[in-house]
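A quick write-up on the structure given underneath.
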Amino acid sequence: METETWFSEQREFTMGNGLFSKRQLKPSELGYPPERLILPEERIKNEYAALCYIRDNTTIPIPEIESFGRDENDSLKLVTGIVAGKMLEDFDDEERPAVLEAVDQQMERHIFPQPQKLQRDSVGCVDESLPVIAPNCLMYKHRRPFWRRVTSDTPSFVFCHNDLSGFNIILNPDTYEIAAIIDWEYAGFFPAWFDRRLWRERYNKRNWDEVDKYIEDAKDFFDKDAPK
């Protein structure tokens, strides 16, 4: 397999030889002030910790971890195996109803029940040395890198992925069986309602009024009864 490399505004991605890597760009590579980014290295660290946690505590299919650490240029890099399959988002509109029915059944019967049994009495990452990483839409709308570590008297927060869009669910293209759930950068312990069924709508057809309501509800959750 020929190696393919592409970039986002903050990451370098490489795919080839059965491996997929995600590397955080150094400030000198960004082309804009690094202050624009919110917790970039912490999110990669969180993804690694979340993958290890899911691997050790559930049967949810995820990519195999190959390596994690700093490369020769001191950039943080996560390398996983490549999962054969097709992104849910890439199925055409004609096939999509059958795909969604199959995915809904698997998510409700086999996927969600597992992390919802993993509970804690405080919100945040598996690795509690990391700051609380809020869902992407919330963090970037309000441009806040730090969110309150809400606590409870009982273990009432469950493990959430927090970005279950059609881009992050890989399927067997013939059977529609979930082959892997990927991109765990925003995962952690939160109220169960944080994990929305984002795969049910294409990204360009989302109800943005509902997204805005979710953002404000989540913000209220963090800010409620916070010290002034």
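Under the numbering used here, the sequence shown has 240 at position 221, and the numbering climbs by one with no breaks.
By construction, the Cβ of each residue, glycine as well, lies at the ideal position given by its N, Cα and C atoms.
Note that the structure is predicted; figures quoted are calculated from it, not measured.
Check                                                                                                                                                                                            : Outcome
Could you tell me which uninterrupted alpha helix (DSSP H) segments, each at least 4 residues in length, are contained entirely in the stretch 25-77, listed from first to last along the chain? : 46-49 and 59-76
Residues in its own chain within less than 6 Å of residue 22 by CB, not counting five upstream and five downstream?                                                                              : 35
Can we say the stretch 142-149 touches the stretch 206-216, given the rule of at least three CB pairs closer than 8 Å?                                                                           : yes
Based on the DSSP output, what are the partners of residue 179 in its beta bridges?                                                                                                              : 207
Helix, strand or coil: how does DSSP classify residue 133 here?                                                                                                                                  : coil
Just tell me which of 105, 165 and 177 has its CA closest to the CA of residue 136.                                                                                                              : 177
Can you tell me whether residue 247 is helix, strand or coil according to DSSP?                                                                                                                  : Confidence is the limiting factor: at residue 247 the pLDDT is only 46, short of 50, which leaves the residue's position unreliable, though a coordinate-based value still follows. If DSSP states are grouped into helix, strand and coil, residue 247 belongs with coil.
Determine, using beta carbons only, whether residue 58 and residue 152 come nearer to each other than 8 Å.                                                                                       : yes
Taking residue 100 and residue 192 to be in contact with their CB atoms under 8 Å, please state how far apart those CB atoms are, rounded to whole angstroms.                                    : The pair is not a contact, with the Cβ atoms about 18 Å apart (cut-off 8 Å).
Under the assumption that residue 170 contacts residue 214 (Cβ atoms under 8 Å), give the Cβ distance between them as a whole number of angstroms.                                               : Incorrect: roughly 20 Å between the Cβ atoms, too far for contact.
Is it buried or exposed for residue 168, if we count other Cβ within 10 angstroms and need 16 for buried?                                                                                        : exposed
Measure the alpha-carbon distance for residue 42 versus residue 27 and round it to whole angstroms.                                                                                              : 10 Å
Express the C-alpha separation of residue 77 and residue 116 in angstroms, rounding to a whole number.                                                                                           : 28 Å
Is the beta carbon of residue 38 sitting closer than 8 Å to the one on residue 98?                                                                                                               : yes
Please report the straight-line C-alpha distance between residue 108 and residue 179, rounded to a whole angstrom.                                                                               : 20 Å
From the DSSP secondary-structure annotation, give me the bridge partner or partners of residue 138.                                                                                             : 177
Express the C-alpha separation of residue 189 and residue 68 in angstroms, rounding to a whole number.                                                                                           : 20 Å
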